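Protein sequences, first through last, are from chains A and B.
In this text, residue positions in the first sequence follow our numbering: the first is 89, and each later residue adds one.
In this text, residue positions in the second sequence follow our numbering: the first is 89, and each later residue adds one.
Note that the Cβ used here is the ideal one computed from N, Cα and C, for glycine as well.
Computed from a predicted structure; not experimentally measured.
First up is the structure itself, then whatever we jot down about it.
There are 2 protein chains.
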Amino acid sequence: MVEGGRGLREVRKARTQRAIQEHAMRLFAERGYDATTVADVAAAAEVSSMTVFRYFPAKEDLVMADEYDPVIVERIRARPAGESLIQGVAVALAESAADQKPADRAMLLARVQLGLSVPALRARMWDGQYRTQRYIVEALRGESPDPDREFELWVATGACLAAATAAIMRWAEGGGHEDLPGLMTAALRIIRGSGTTQAGSEL
Amino acid sequence: MVEGGRGLREVRKARTQRAIQEHAMRLFAERGYDATTVADVAAAAEVSSMTVFRYFPAKEDLVMADEYDPVIVERIRARPAGESLIQGVAVALAESAADQKPADRAMLLARVQLGLSVPALRARMWDGQYRTQRYIVEALRGESPDPDREFELWVATGACLAAATAAIMRWAEGGGHEDLPGLMTAALRIIRGSGTTQAGSEL
DNA sequence: CTAATATTTGGTAGTGTCTAACACATGGTA
DNA sequence: TACCATGTGTTAGACACTACCAAATATTAG
C-alpha cells in the first residue's frame with residue numbers, strides 16, 4: 089500500500105480531469121459557452137457525460153477553478169504586525185498578482201473574459217469571490233470568537249477583494265495588456281483614502 | 089387609447105405577478121427552495137408554468153427582485169460637492185437603509201436569509217449586487233469618458249457595496265434584531281481608515 | 001500468479017428548468 | 001358588432017444534472 093499519490097489510478101484521474109477541462113475551454117472559446125453542451129465536451133474528451141459531471145459538479149466549474157486562496161492567506165499572515173488590516177490584505181493581494189506565472193495569468197484572463205460575457209458564469213465568479221473572502225476570514229479569525237473582530241475582518245476583506253476585482257475587470261476588458269499588479273495597487277490606494285475626488289453635484 | 093396604465097390588463101398583470109411571487113416565497117419558506125418546483129408555484133398561484141416563466145425569467149428571480157437602485161443613485165447625487173467619493177457613496181447607502189420601510193426590511197431579511205442558505209440564490213444575489221454597482225457607476229459617469237475616473241468609480245462603489253453587504257449579512261445572520269443602519273455606518277467607518285487593527289503575525 | 005477487493009467508468013432512466021411554436025381567449029378600440 | 005392587441009395555455013423539446021446498477025480496470029492479498 090505505497091499510496092504516495094503515485095498510483096496509476098491517480099495519474100489517470102489527473103490526466104482525465106485535465107483533458108476534460110482543456111477540451112471544454114477550447115470548445116467554449118470556439119463555439120461559445122451556451123452553444124456547447126456538456127455532451128460535446130464529453131465527446132471531445134472521449135469520456136461519457138457522467139464522467140464529466142463526476143469531475144466537475146456543474147458546467148460552470150469547467151471554467152471556474154481557483155487554487156489561489158491558500159497562497160493569499162499565506163501572504164496576509166506574512167505581513168508585519170503593526171500594519172492595518174486593510175493595508176495588509178491589500179498588499180497581499182497585489183503581491184499575489186505580481187507573482188503570478190504567465191500561464192496562470194493567461195488562464196485568469198480567459199476565465200474573466202468568459203465570466204464577463206456569460207451571465208451564468210458571472211454569477212458563479214462572484215460566488216467564487218465570496219468563497220475566497222470566507223476562506224480568508226476563517227483563516228485570520230483564529231480561535232478568538234470575537235464578533236466585532238470578525239465583522240471587521242469581513243468588511244476589510246470584502247472591500248479589498250472588491251477593489252482587486254475592479255482592477256482585474258479593467259485589466260481583462262483591456263485584453264490583458266495593462267499592468268495588473270499596478271492596477272491593483274492603484275485600486276487599493278483609492279480605498280486607502282488617497283482617492284478624494286468629489287461625488288455628487290457636479291452634473 | 090387612454091392607456092394611463094390603468095387598463096384592466098395592467099391591473100391583472102400586476103396582481104398575477106404579485107400572487108406568483110407571494111405563493112413562491114411562502115412555499116420556499118414552508119418546503120425549502122430546492123424542494124419546491126416551479127410547477128408547484130404555478131399550481132399554488134393557479135396559473136400555468138409558462139406564465140411563471142413569463143413574469144420571472146428564472147426561478148431565482150422569484151426571490152431576487154430589487155428596486156432600490158434608483159433610490160440609491162438619487163441619494164448619492166444629493167451629497168455635498170466637496171465630499172470624497174467613498175464617503176458620499178457610503179453615507180448614501182447607510183441613509184437608504186435607514187429610510188427603509190418595515191415591510192421592505194422584512195422582505196430584505198427573508199431574501200438574504202434564503203440567499204445565504206441556497207447556493208443558487210447566493211450566486212444570483214452577488215450578481216444583483218454587481219448590477220447595482222454597474223447602475224451606480226453608469227449614473228455617476230455622466231458624459232465624461234475618462235477611464236481613470238471610471239476606474240475610481242468602480243473601486244469606490246465596489247468597496248462601499250462590499251462593506252454594506254458585510255453589514256447586511258451580519259444583520260441577517262442575527263435574525264434582523266440588530267440595528268442595520270448602525271452596522272452599515274460602522275462598516276463604512278472601517279474602510280474609511282478609522283479601523284486600524286493589525287493584520288498578521290498575531291497568531 | 002491468481003483471486004478477492006476497491007475504484008473508476010458507462011448505460012439507462014428519470015426529474016426539473018427553461019424555450020419555442022402554435023392555438024385560444026379576453027380586453028381595448030373603431 | 002367587428003377588429004386588433006395582448007395575455008394565457010398546451011405541447012414538444014433541449015439540456016443540466018442525479019440515482020441506480022452493471023462492467024471494466026487497478027490494487028492488494030494469499
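Check	Outcome
Host alpha helix (DSSP H) of A:Arg-29 (start-end)	Outside the modelled stretch of chain A, which goes from 89 to 291, sits residue 29 of chain A, for which no answer is possible.
C-alpha distance - B:Asp-236 paired with B:Asp-122, whole-angstrom precision	44 Å
Any chain A beta carbon closer than 9 Å to B:Ala-244	yes
Cβ-based burial, B:Ile-215 [other Cβ within 10 Å; buried from 16]	Per the sequence presented here, residue 215 of chain B reads as Asp, with Ile not at that position. So B:Asp-215 ends up on the buried side.
Cross-chain neighbours of A:Phe-239 in chain B, by beta carbon under 9 Å	Ala-254, Ala-255, Arg-258, Leu-271, Ala-274, Ala-275 and Ile-278
Between the CA atoms of A:Gln-201 and B:Leu-276 - distance to the nearest angstrom	31 Å
DSSP state of B:Glu-261 mapped onto helix, strand, coil	helix
Cα-Cα separation, B:Arg-258 to B:Ala-252	10 Å
Start and end residues, alpha helix (DSSP H) containing B:Thr-273	268-277
Closest Cα partner of A:Ala-166 within the set A:Arg-106, A:Ala-244, A:Ile-256 and A:Leu-228	A:Leu-228
Residue from B:Asp-234, B:Leu-268, B:Val-225 and B:Ile-279 with nearest C-alpha to A:Gly-246	B:Ile-279
Helix, strand or coil at B:Arg-212 according to DSSP, with G and I counted as helix	helix
Within chain B, partners of A:Tyr-143 - CB distance below 7 Å	Near A:Tyr-143 there are no residues of chain B at all, since even the closest Cβ is about 19 Å away, more than 7 Å.
Interface flag, A:Tyr-121 vs chain B, CB-CB below 9 Å	no
Nearest-angstrom Cβ-Cβ length linking A:Val-129 and A:Ile-108, presumed shorter than 8 Å	7 Å
Contact with chain A by B:Gln-217, beta-carbon distance below 9 Å	yes
Straight-line gap, A:Gly-95 to A:Glu-148 (C-alpha atoms, nearest Å)	29 Å
Contact between the region 202-214 of chain A and the region 210-225 of chain B (3+ Cβ pairs under 8 Å)	yes
Rounded C-alpha distance that separates A:Arg-142 from B:Glu-162	48 Å
Min CB distance B:Ile-174 to chain A below 9 Å	yes
Option nearest B:Glu-261 by Cα separation, candidates B:Ala-153, B:Ala-198 and B:Asp-234	B:Ala-198
Supposed close pair B:Thr-220, B:Leu-196 - CB separation, criterion 8 Å	Their Cβ separation, rounded to whole angstroms, is 13 Å, which puts B:Thr-220 and B:Leu-196 out of contact at 8 Å.
Neighbourhood of A:Val-126 by C-beta distance below 6 Å, restricted to the same chain and skipping five residues each side	Ser-137, Val-140 and Lys-147
Where B:Val-151 falls, given that 16 or more other Cβ within 10 Å makes a residue buried	buried
Status (buried if at least 16 other CB within 10 Å, exposed otherwise) for A:Thr-273	buried
Cβ distance (whole Å) where B:Ala-254 is taken to contact A:Trp-242 below 8 Å	4 Å
For B:Val-206, three-class secondary structure by DSSP	coil
Rounded Cβ spacing between A:Leu-173 and A:Glu-226 (contact assumed at less than 8 Å)	Not quite, the Cβ-Cβ distance comes to about 15 Å (not below 8 Å), so this is no contact.
Proximal residues, the region 180-212 of chain B versus chain A, C-beta separation under 7 Å	Arg-210, Ala-211 and Arg-212
Terminal residues of the alpha helix (DSSP H) in which B:Glu-162 lies	157-165
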